Each structure stands twice: as structure tokens, then as C-alpha cells.
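Residue numbers (the working numbering): 1 to 83. A virtual CB, placed ideally from N, CA and C, is assigned to each residue, including glycine. No experiment lies behind these values; they were computed from the predicted model shown. Some notes on the structure that comes next.
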Amino acid sequence: MMESAAKKKRNITKRQFWQHNNKPIELWSNKVIKQKIDYIHNNPVEAGFVTNAIDWKYSSARNYAEDQTVLKIDSEGLTLGML
């Protein structure tokens, strides 16, 4: 898929995953971090793939709901009092 897209633009010599116009956001507070995590967790819901974020098999939303059955993550230091 990326290779065919790259062929359309001859000036691209290697595959690229990120867009050039991405806008990095400084995660400067627990509130902003939680907002971004919630946004990412809700993407499959917004796309209509699942009805609940924890239903998306490989989402870390499952881990925040204490479900470590698919992917165990080390969340020490990352919970930020959000649980």
C-alpha cells in the first residue's frame, strides 16, 4: 500500500509512515496526557469498529480496565492517578 502510494510521487525514494505535516503536542500535564490517551482509545469506537474501547483487541484501554490477557504492559509510572 505505501509502496504504491510512493510510486505516485516520484520524489519519494523510501516508504514513509508519518505525514510531513504532523503537529507534535507537548504533553505537559496529567490532564493533557489523559485526554490524548482517551482520544487514542476511542478511535476504534469513533470509526465504528467496536462499541466500547475495551472491545478493541489490541488497545491499551483493556489494560486500564485491568485486562492484561492480550498484551501485558508495564504501566508503573504511567497511570498518573487516572485509574
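Fill in: Cα-Cα separation between lysine 72 and serine 59, rounded to whole angstroms
11 Å
Practice prompt. Report all residues from its chain with a CB closer than 8 Å to the CB of valine 70; omit the five preceding and five following residues, and keep chain order.
Written response: Lys57, Tyr58, Arg62
Practice prompt. Could you tell me which of His41, Val45, Glu26 sits nearest to alanine 65, measuring between CA atoms?
Written response: His41
Worksheet item: In terms of residues, what are the limits of the alpha helix (DSSP H) holding aspartate 55?
Response: Premise fails: aspartate 55 is in no alpha helix (DSSP H) and is neither H nor E.
Discussion item. Using the Cβ count rule (16 or more neighbours within 10 Å means buried), how would you classify proline 24?
Written reply: exposed
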